[in-house]
Every structure is written in structure tokens, then in C-alpha cells.
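Each residue of the sequence shown is one higher than the last, beginning at 59 in my numbering.
Ideal Cβ placement from N, Cα and C applies to all residues, glycine included.
What you are looking at is a predicted structure, and each value in this text was computed from that prediction instead of being measured.
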Amino acid sequence: MSHDRLPPLDPASWSAEQRACAQEIIAGPRGALIEPFIPLLRSPELCVHAQRMGEYLRYRSAIGLRLSELAILLTARHWNQQVEWSIHAPIALREGISAAVIDAIAERREPPFEREDERLVHAVVQQSLVERQVNDATWQAAIQAWGEQGVVDLLGIAGYYTMLSFIMTGAQTPPPPDRAMRLPR
């Protein structure tokens, strides 16, 4: 049975750098020191840079919230990352990703996309994670859809959430107990 290898630190024991990082996260759009940042707090400088990058990619990327959330789910599913899935599946639903698409991703089935931009996000992320490269046709379609900044942001989302997945999987960070949406094993 797994256990949380890097559980929450007692705030009274935080260094000045840890406290500054935690305060920056709490003061930002997340409003709380959420699960991904609990293990990251052990490396305060990495935590500060990661949270700033994540804040941009999650809330302000050039592809918008709906497509960002889809990319996050695809990345979480690829790495079997329960924490990210449990946090982002409800957000993706709220942002307009259909329950049928979310369920298909969770069950590793081909998602029944009704929107071409979602199909394109799926292609870019899956090719990046599974094939380790984006083919020319998909690349050109993505550039046409979102421009260079949008494509870089999309790849940045997959990379950022891959990093978080590695850290939380290594630390065996448990999903938030109040989140019902889980990935099937």
C-alpha cells in the first residue's frame, strides 16, 4: 500500500523561502496551497517558478481555459495521475469539455469529439506523449488554429503537467479527499 512520502509540512516549520512561496500561491488564483505544491514546497525556488509557470499555463494560455483543461486531462491520463485528474476533470466539465469526452479519456477510448479544436488538442498532446513527436500535418493544423504562441503554450501545458505528475507520483501524493472523480486503474 502506498503512503504519502512528502506529506504537508507544518507551516510553523516552513523556512522563509517556503513561506514566501506558499503565500504567493495562496494569494493567486488557486487561493490555497493545493496538492501539487505540497511536495514542491520542499524545493522553494523550484516551487516558485513552477507555480508561476502553472498559473500562466492554466489560467492565461493562448489556447484558452477549455482547451488547456483538455490538455491537462490528456496528460494526467497518460501518466495515470490521480491528483491532477481529480482536480481537473470537474474543471474541464465546467469549462465545456463533454462528459462523454472526459469518460472516454479516463477509459482510454477514442474520445467522441464534436469540436475540431478539441480533436486537434488531442492529436498534438497524444503525439507528443506517445509518439514523442508531432507529425507535420498535425503541426501545421495547430499553427493555423492557434499560431506559434498557442502551440508552444499547448506543448508547455503537457510538459508542465508531466513534471507535476512525476513529482506527485514519486511522492505518492494522494488526491484531495473531497474530489469524487478518479481514474480507473
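Reference Val-159; option with closest CA among Ser-144, Gln-139, Val-188, Glu-176: Relative to the Cα of Val-159, the nearest Cα in the group Ser-144, Gln-139, Val-188, Glu-176 belongs to Glu-176.
Just how far apart, CA to CA, sit Tyr-117 and Leu-123? About 6 Å.
I'd like to check one pair, Leu-212 with Ile-92: are the Cβ atoms closer than 9 Å? In this structure, Ile-92 keeps its C-beta atom at 9 Å or more from the C-beta atom of Leu-212.
Would you check if the distance between the CB atom of Thr-133 and the CB atom of Leu-178 is smaller than 9 Å? No, Cβ-Cβ distance for Thr-133 and Leu-178 is not below 9 Å.
Contacting residues, own chain, Cβ-Cβ under 8 Å from Met-59 (five flanking each side not counted): The pLDDT assigned to Met-59 is 45, lower than 50, so where the model puts this residue is not dependable; a value taken from the coordinates is nonetheless given after this. Within the same chain, and ignoring the five residues on either side of Met-59 in sequence, no residue has its Cβ closer than 8 Å to its Cβ.
Taking Leu-99 as the reference, which of Arg-166, Ala-200, Leu-128, Ala-74 has the closest Cα? Ranking Arg-166, Ala-200, Leu-128, Ala-74 by Cα distance to Leu-99 puts Ala-74 first.
Bounding residues of the alpha helix (DSSP H) (the contiguous stretch that carries Pro-148): Element bounds for Pro-148: 140–153.
I'd like the list of long-range same chain contacts for His-136, defined as Cβ closer than 6 Å, with 5 residues on each side in sequence excluded. Here the set comprises Leu-187.
Below 8 Å on the Cβ atoms is my contact criterion, and I expect Tyr-218 with Leu-115 to pass it. Report the Cβ-Cβ distance as a whole number of Å. Going by Cβ atoms, the distance from Tyr-218 to Leu-115 rounds to 5 Å, so yes, they are a contact pair.
Use the C-beta contact count for Gln-109: other C-beta atoms within 10 angstroms, 16 or more gives buried, fewer gives exposed. The residue is buried, with at least 16 neighbouring Cβ atoms inside 10 Å.
Using a 10 Å radius around the Cβ and a threshold of 16 neighbouring Cβ atoms, would you call Met-226 buried or exposed? Buried, since its Cβ has 16 or more Cβ neighbours within 10 Å.
If you compare alpha carbons, which of Gln-81, Gly-89, Leu-241 is closest to Pro-102? The shortest C-alpha separation from Pro-102 is found at Gln-81.
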